[in-house]
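Everything below concerns the one structure shown next.
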Amino acid sequence: MEEPSKIQREAIPVALQGKDIIGLAETGSGKTAAFALPILQALLENPQRYFALILTPTRELAFQISEQFEALGSSIGVKCAVIVGGMDMMSQALILAKKPHILIATPGRLLDHLENTKGFTLRALKYLVMDEADRILNMDFEVEVDKILKVIPRDRRTFLFSATMTKKVKKLQRACLQEPVKVEVSTKYQTVEKLQQYYVFIPVKFKDVYLVHILNELAGNSFMIFCSTCNNTIRTALMLRNLGLTAVPLHGQMSQNKRLAALTKFKAKSRSILISTDVASRGLDIPHVDVVINFDIPTHSKDYIHRVGRTARAGRSGQAITFVTQYDVELYQRIEQLIGKQLPLYKTEDDEVMVLQERIAEAQRIAKMV
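In structure tokens, the structure reads:
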């Protein structure tokens with residue numbers, strides 16, 4: 001980090017004054033450091049076990065936040081624990097028995113431990129952070145969050161970060177923050193300035209052909225391709241691999257280890273194409289996505305903002321291309337309405353695209369056989 005990002009400049013001084021924060025910040029704005037640094041500063045001044053709890057909507061985001069805390073707090077020997085679903089409860093209970101300074105958890109699994117793990121309590125907690133609060137609530141964790149709030153001290157500092165200010169987030173803000181300072185770095189549903197956004201209007205049966213054409217045309221970039229289902233991520237990845245492209249799928253039905261392995265390959269640039277469902281569209285720390293392709297248009301237009309937020313991060317430029325078929329026109333119009341602008345057409349030469357048809361039909365056939 002050469003200089004602090006906007007959210008860091010605005011949030012850190014407020015946090016150091018000991019105030020609660022409601023932070024509205026887009027993905028990729030550097031908000032993890034905005035809450036991690038003040039917490040580490042306070043921990044240095046007052047070392048204590050179970051000092052801070054960070055609640056996140058997904059397992060992947062929890063691991064990433066832990067990595068950042070450990071990197072930023074390495075000089076003071078900070079101990080972190082990630083408590084998420086999909087992992088062994090007994091192993092986690094042993095980790096909790098060591099009483100780490102920072103807990104990063106998904107609400108469901110944390111509540112399991114609070115209710116069932118002997119001797120585990122957060123009665124001395126000093127800091128609560130809810131990262132991507134809108135997404136935590138959209139994933140129906142409201143009941144779990146309410147129960148967690150009842151068993152942690154009222155006398156604590158709370159930082160609530162969200163990409164969007166929904167009714168549910170406002171309700172949560174009223175329930176758990178005391179005289180918060182609002183720190184806003186993004187307007188509602190804004191997409192970043194350096195992001196070039198396009199759409200391609202194509203018949204549904206030619207989506208694969210156009211996808212391969214665009215991947216070839218923009219070769220040398222890193223890509224994140226969004227599909228609507230787990231099966232479609234697997235099918236698309238197999239098809240692209242059959243064409244010699246380095247693609248790796250990421251979806252909710254993969255085990256935790258496989259998901260982390262897929263992310264590691266993409267981060268290390270041994271795979272240039274990550275094909276994902278919306279599980280990976282927010283919060284993941286993937287610094288080098290050049291192009292986002294919405295292969296399947298999102299059914300919720302807000303998800304468009306979060307998907308395209310994977311590129312043009314931290315001041316860099318990027319491209320987002322959305323495929324619109326004859327069945328997607330209404331969904332696409334909703335996206336344009338939400339972001340308040342009409343997107344330009346991504347120009348393709350149809351003759352050049354259709355040359356690929358036979359090769360792709362063969363790759364599709366082989367993918368179906370696997």
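Heads up: the sequence shown at position 350 corresponds to 350 in full-length UniProt numbering, and the numbers run straight through without jumps.
For every residue, glycine included, the Cβ atom is placed at its ideal position computed from N, Cα and C.
- If you check the CB distance, D20 and Q197 do not come in under 8 Å.
- Secondary structure of T32 (DSSP, three-state): helix.
- Taken through DSSP and simplified to helix, strand or coil, T264 comes out as helix.
- For A175, the enclosing alpha helix (DSSP H) starts and ends at K167 to C176.
- When secondary structure is reduced to three states using DSSP, L195 falls in the strand class.
- Looking at the DSSP output, Y127 shares a beta bridge with A52 and R157.
- Annotation for N221: no beta strand (DSSP E) segment contains it, and DSSP assigns it neither H nor E.
- Beyond the five residues adjoining it in sequence on each side, L72 comes within less than 7 Å, by CB distance, of A33, A36, L37 and L40 in the same chain, given in chain order.
- Taking 8 Å as the cut-off, the Cβ atoms of F69 and K126 do not count as close.
- For K194 against G318, the beta-carbon gap comes to about 7 Å, under 8 Å, which counts as contact.
- With three or more CB-CB distances shorter than 8 Å, the region 332 to 345 counts as touching the region 199 to 207.
- For P13, the three-state secondary structure derived from DSSP is helix.
- DSSP links K182 through a beta bridge to I22.
- Annotated as distal: V209 and L243, with beta-carbon spacing of 8 Å or more.
- DSSP places G108 in the helix class (H, G or I) of the three-state scheme.
- Below 8 Å, enough C-beta pairs join the region 159 to 166 and the region 131 to 142 to call them touching: three or more.
- Sixteen is the threshold: since fewer than 16 other Cβ atoms of the shown chains lie within 10 Å of the Cβ of Q357, the residue is exposed.
- When only Cα atoms are considered, K368 and K207 end up about 16 Å apart.
- Listed in chain order, the non-local C-beta contacts of K79 below 6 Å within the same chain comprise P100 and H101, local neighbours out to five positions each way being set aside.
- The bridge partners DSSP lists for F201 are V324.
- Per the DSSP secondary-structure output, I83 pairs in a beta bridge with A105.
- Here the region 321 to 340 does not lie against the region 244 to 263, with fewer than 3 beta-carbon pairs under 8 Å apart.
- Ranking L338, I273 and R313 by CA distance to the CA of Y304 puts L338 first.
- The Cβ atoms of A262 and L250 sit closer than 8 Å to each other.
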